[in-house]
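K.L.:
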């Protein structure tokens, strides 16, 4: 939703000292930002505090640069950037001075980095006892794989998710939308909010040790009980429902190149409606197909009949015909379909356009939430590296101008306050 | 240890869309009252079944998503039972409402009537496509939402002509939207005033497609699916390799540090399988990129001589982000999950006894996020709950 600025955000007044990076980490503080929290990204142009997504493509005008990355911009909307060299003692001191002003610390380094900086939970808690502290890592802070590294595909592979998605008897398909980066971010945001809610009730702080891979395991859903209680072996079934709770349930080829329509049926009235739209009176009349179990026994036949109908049809027209008859159906959409051909996403304004002087006018994915009486969602672009260093240290810590100049001259802090500087970075 | 959210009361209208959000509250210690229609929640009829027992009170789907909840049957078409429902809401912090858009209002339970019962209530309405809009009355499913949301077109095979896009199994559309419902409800509670939250599953899925939107917006190109790896606008090297034991490895080579590269090459070299990767030219990022297919092939030949576990642990010891592609059942005896108490036991009483369950992935220090009690039988807590707050 475009911001009007007239209503509060539900997390107004919550300030986060943010040491997260990448999608699984920085995506969590993006969520908090869209709900009104103030996010202070502590970063630096060199590892480990450099977010490598700042260097990743696509780039504005195809030219690389710290402030030109479109993926980084997508994940860091609404945040502020404070550039501090955490490898220096003076830099660590500044970070410690910021702690009393913050409700939350979030970090997603490999285990050990925050401790090296004197910013592990015990140290931070000594300064601010009610801090909500999130350590997000690939495999968590404890256990035999605690030091292991992970990105989305690693977590998907380890958790069992990867093995469950694909065509039967083929190698896994791979969850190419990097699911556990998104869900890592979502679960990390959920942890922080749980901490804030508990603090609201008890006044106490909390520490969360989040492992992206373990969150992946938890997302296996009922498969977990199937393997634990039934000794089941779960293997992929293409797009058919793993447990036969829906049938038909598949992606059907439509007219044109790589065009597919997903259809799911569970209820008897959905099956009747599907048969009606297909003009398949013979299927509608067959008693053996009237029940879910009966259709599962004839799944190949049912799928073949549906695809015989879809393959000469435009996917979108077929979808509309089915949905208007009450059959769950959806085109397998590309990003282009969603941006230009999805009336519901347009109605709900899922894509917000923001103008950034370096990146230009670009689209941003908004959040799936509308909240009465509150302004939520994407409102301001991502920060240039160090854009807010001076304001934050001046306003929160009362640093005078001379001190800021000296810290910059000593390369303890950095800033990017002019467009020229931002373009050059 | 106490539950993280044990001070909260949540009323959940039973339905496939709300059950994951309800579980997130319940395992954190909140009291979650599951309001079921006469005959029970739809998902009580979902497979898989406990030991193949396709009968009432045996759905593992229901058992999984409804741990710790209390069950009460209320017929919301009946005036007295609607009153009991409103009394329940009067004592609740959150209402999880997965009914179709306008569904509750049709029973006289309008937004205003609900807010009047409890002005501080956070009412989360989770619908397939949102409360309003041209497609608000359309129907969804896990598959349909991953199709429309864009997940499927980013997942599949680029080395298998004319193969379909593939969904992620396991109710993931429900997980995406339900997790967002949890986040939105907790955020609203921070503001301390009641509100109505309109959350769409389609929106939730549509916003989780990694780099697809920036690529399209900045380059005009559409990402397409690649076997075993991220969807992308241009071909990328294969990184899913088959190990000697027939299992697969995810051997992603993105953002590889010089130290990790040295570790990898010397590991291959120890086995006489580094081929030309010992050439220092590969430290030049441009050459590394140009030769990515060749590098992938050399690694694939090495992986084929080792077990998946040997590659997984050997690579991680060398700071590489590889993993074995485990099957769900492999997690049962995984030492890392065991050390982190991922698997737990819950007591079903007779006749099932104590059964193994998956715990939570949330690990907190001062409080606990962990299922403690099996899912309720239908209306198990009904008599007590129907009487709550009834002063007549």
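Residue numbers (this note's numbering), protein chains in the order written: chain F, 1 to 425; chain E, 426 to 817.
For each residue, glycine too, the CB sits at the ideal point set by N, CA and C.
All values derive from a computational prediction rather than experimental measurement.
(1) How is residue 669 of chain E classed by DSSP in three states: helix, strand or coil?
(2) Is the distance from the Cβ of residue 427 of chain F to the Cβ of residue 7 of chain F below 8 Å?
(3) Give the list of continuous alpha helix (DSSP H) stretches no shorter than 4 residues that lie fully inside the stretch 341–410 of chain F.
(4) If distances are taken between C-alpha atoms only, which option among F/83, F/129, F/90, F/87 comes closest to residue 105 of chain F?
(5) Quick one: grab the DSSP three-state call for residue 1 of chain F.
(6) At the level of alpha carbons, what is the spacing between residue 1 of chain F and residue 534 of chain E?
(7) Select from the stretch 176–199 of chain F all residues with a C-beta closer than 8 Å to any C-beta belonging to chain E, and list them in chain order.
(8) Going by Cα to Cα distance, which pick from F/390, F/397, F/396 is closest to residue 404 of chain F?
(9) Could you pull the start and end residues of the alpha helix (DSSP H) that residue 426 of chain F belongs to?
(10) Along the chain, where does the alpha helix (DSSP H) containing residue 761 of chain E start, and where does it finish?
(11) Is the CB of residue 715 of chain E under 8 Å away from at least one CB in chain F?
(12) Under 8 Å, Cβ to Cβ, is there at least one residue of chain F near residue 434 of chain E?
(13) Which value, in whole angstroms, describes the spacing of the CA atoms of residue 233 of chain F and residue 625 of chain E?
(14) Under a CB-based cut-off of 8 Å, is residue 620 of chain E close to chain F?
(15) Give the DSSP-derived three-state secondary structure of residue 819 of chain E in the structure shown.
(16) Would a check of beta-carbon distances place residue 207 of chain F closer than 8 Å to chain A?
(17) What are the start and end residues of each continuous beta strand (DSSP E) run of 3 or more residues lying completely inside the stretch 40–102 of chain F, in chain order?
(18) Going along chain F in order, which residues have a C-beta closer than 8 Å to the C-beta of residue 595 of chain E?
(19) Please indicate yes or no: does the CB of residue 649 of chain E lie closer than 7 Å to some heavy atom of the ligand MN?
(20) Would you kindly work out how many angstroms separate the C-alpha atoms of residue 481 of chain E and residue 801 of chain E, rounded to a whole number?
(21) Whose C-alpha, out of F/218, F/165, F/422, F/16, is nearest the C-alpha of residue 238 of chain F?
(22) So what does DSSP say about residue 655 of chain E, is it helix, strand or coil?
(23) Using a C-beta cutoff of 8 Å, does residue 635 of chain E count as contacting chain F?
(24) Would residue 291 of chain F pass as an interface residue toward chain E - the criterion being a Cβ-Cβ separation below 8 Å?
(25) Give me the Cα-Cα distance between residue 289 of chain F and residue 538 of chain E, rounded to the nearest whole angstrom.
(26) Is the beta carbon of residue 329 of chain F closer than 8 Å to that of residue 262 of chain F?
(27) Excluding five sequence neighbours on each side, which residues of the same chain lie with their C-beta closer than 7 Å to the C-beta of residue 732 of chain E?
(28) Assuming residue 104 of chain F is part of the beta strand (DSSP E), what are its boundary residues?
(29) Counting only Cβ pairs nearer than 9 Å, list the residues of chain F close to residue 471 of chain E.
(30) Identify which residue in E/547, E/527, E/531 has its Cα closest to the Cα of residue 557 of chain E.
(31) In chain order, what are the residue ranges of uninterrupted beta strand (DSSP E) at least 3 long that sit wholly in the stretch 577–639 of chain E?
(32) Thinking residue 283 of chain F and residue 247 of chain F are a contact (beta carbons under 8 Å), I'd like their distance in whole angstroms, please.
(33) I want to see whether chain F comes within less than 8 Å of residue 652 of chain E, judged by CB atoms only; does it?
(34) Return helix, strand or coil for residue 679 of chain E, following the three-state DSSP convention.
(35) Tell me whether residue 14 of chain F sits in a helix, a strand or coil according to DSSP, three-state version.
(36) For residue 313 of chain F, which residues of its own chain have a beta-carbon under 7 Å away from its beta-carbon, when the five flanking residues on both sides are left out?
P.N.:
In terms of the structure at hand:
(1) Start at 1 with the first residue of the second chain, and residue 669 of chain E comes out as number 244. The answer is coil: DSSP assigns residue 669 of chain E none of H, G, I, E or B.
(2) A query on residue 427 of chain F cannot be resolved here, the shown segment of chain F reaching from 1 to 425 and no further.
(3) Listed in chain order, the alpha helix (DSSP H) runs fully inside the stretch 341–410 of chain F are 343–347, 389–395, 401–409, counting runs of at least 4 residues.
(4) Along the first chain, read from residue 1 onward, the residue named residue 105 of chain F stands at position 105. Distances from the alpha-carbon of residue 105 of chain F to those of F/83, F/129, F/90, F/87 put F/129 closest.
(5) Looking up residue 1 of chain F in the first chain gives position 1. Caution is warranted here: a pLDDT of 44 is assigned to residue 1 of chain F, below 50, making its placement in the model unreliable, and the coordinate value is therefore given only provisionally. Residue 1 of chain F: coil per DSSP, three-state reduction.
(6) In the first chain, counting from the first residue as 1, residue 1 of chain F sits at position 1. In the second chain, counting from the first residue as 1, residue 534 of chain E sits at position 109. Unreliable placement is indicated for residue 1 of chain F, whose pLDDT of 44 sits below 50; no coordinate value is reported for it.
(7) Contacts with chain E (Cβ-Cβ distance below 8 Å) from the stretch 176–199 of chain F involve 176, 177, 178, 179, 181, 182, 183, 186, 187, 189, 190, 191, 193, 194, 195, 196, 197, 198, listed in chain order.
(8) Indexing the first chain from 1 puts residue 404 of chain F at position 404. The candidate whose alpha carbon is nearest that of residue 404 of chain F is F/390.
(9) This structure cannot speak to residue 426 of chain F, because chain F is shown only from 1 to 425.
(10) By one-based count along the second chain, residue 761 of chain E stands at place 336. Under the DSSP assignment, residue 761 of chain E falls in the alpha helix (DSSP H) whose first and last residues are 760–764.
(11) Taking the first residue of the second chain as 1, we reach residue 715 of chain E at position 290. No, residue 715 of chain E lies away from the interface with chain F (no Cβ there is under 8 Å from its Cβ).
(12) For the purposes of this step, residue 434 of chain E is taken as the residue at position 9 of the second chain. Look at residue 434 of chain E: its C-beta is not under 8 Å from any C-beta on chain F.
(13) Locating residue 233 of chain F in the first chain gives position 233, counting from the first residue. Locating residue 625 of chain E in the second chain gives position 200, counting from the first residue. Going from the Cα of residue 233 of chain F to the Cα of residue 625 of chain E covers about 33 Å.
(14) Position 195 of the second chain holds residue 620 of chain E. Closer than 8 Å to some Cβ of chain F, the Cβ of residue 620 of chain E qualifies, so yes.
(15) A query on residue 819 of chain E cannot be resolved here, the shown segment of chain E reaching from 426 to 817 and no further.
(16) Note that chain A does not occur in the displayed structure, where the protein chains are F and E.
(17) Qualifying beta strand (DSSP E) stretches, in chain order: 80–84.
(18) Here residue 595 of chain E refers to the residue found at position 170 of the second chain. Against residue 595 of chain E, the close residues of chain F are 161, 164, 219, 220, 221, 222, 223, 242, in the order they occur along the chain (beta-carbon pairs closer than 8 Å).
(19) With respect to small molecules bound, the structure shown includes none, and the ligand MN cannot be examined in it.
(20) Taking the second chain and counting its residues from 1, one reaches residue 481 of chain E at position 56. Taking the second chain and counting its residues from 1, one reaches residue 801 of chain E at position 376. Near 12 Å, if we compare the C-alpha coordinates of residue 801 of chain E and residue 481 of chain E.
(21) For the purposes of this step, residue 238 of chain F is taken as the residue at position 238 of the first chain. Among F/218, F/165, F/422, F/16, the Cα nearest to that of residue 238 of chain F is on F/165.
(22) For the purposes of this step, residue 655 of chain E is identified with residue 230 of the second chain, where counting begins at 1. The three-state secondary structure of residue 655 of chain E, taken from DSSP, is strand.
(23) Against the second chain, residue 635 of chain E aligns to sequence position 210. Against chain F, the CB of residue 635 of chain E has a partner CB under 8 Å away; the residue lies at that interface.
(24) Position 291 of the first chain, counted from the start, is the residue given in the question as residue 291 of chain F. Chain E contact via Cβ: absent.
(25) Locating residue 289 of chain F in the first chain gives position 289, where the first residue counts as 1. Locating residue 538 of chain E in the second chain gives position 113, where the first residue counts as 1. If you take the alpha carbons of residue 289 of chain F and residue 538 of chain E, they lie about 43 Å apart.
(26) Translated into the one-based positions of the first chain, residue 262 of chain F becomes position 262. Translated into the one-based positions of the first chain, residue 329 of chain F becomes position 329. Yes, the Cβ-Cβ distance between residue 262 of chain F and residue 329 of chain F is below 8 Å.
(27) The residue labelled residue 732 of chain E in the question sits at position 307 within the second chain. Cβ neighbours of residue 732 of chain E beyond the five flanking positions: 668, 669, 670.
(28) For this step, residue 104 of chain F is matched to residue 104 along the first chain. That run of the beta strand (DSSP E) goes 104–107.
(29) The residue labelled residue 471 of chain E in the question sits at position 46 within the second chain. What residue 471 of chain E touches in chain F: 222, 243, 245.
(30) On the second chain, position 132 is the one that residue 557 of chain E refers to. Taking the Cα of residue 557 of chain E as reference, the smallest distance to any Cα among E/547, E/527, E/531 is reached at E/527.
(31) Counting whole runs of 3 or more residues, the stretch 577–639 of chain E contains the beta strand (DSSP E) stretches 620–625.
(32) Locating residue 283 of chain F in the first chain gives position 283, counting from the first residue. Locating residue 247 of chain F in the first chain gives position 247, counting from the first residue. Contact flag wrong, Cβ pair sits at about 13 Å.
(33) Residue 652 of chain E sits at position 227 when you count from the first residue of the second chain. So, interface residue.
(34) Here residue 679 of chain E refers to the residue found at position 254 when the second chain is read from its first residue. In the structure shown, the three-state DSSP call for residue 679 of chain E is coil.
(35) For the purposes of this step, residue 14 of chain F is taken as the residue at position 14 of the first chain. Reduced to three states, the DSSP call for residue 14 of chain F is coil.
(36) As a first step, residue 313 of chain F must be located in the first chain, where it is residue number 313. Cβ within range, chain order: 254, 255.
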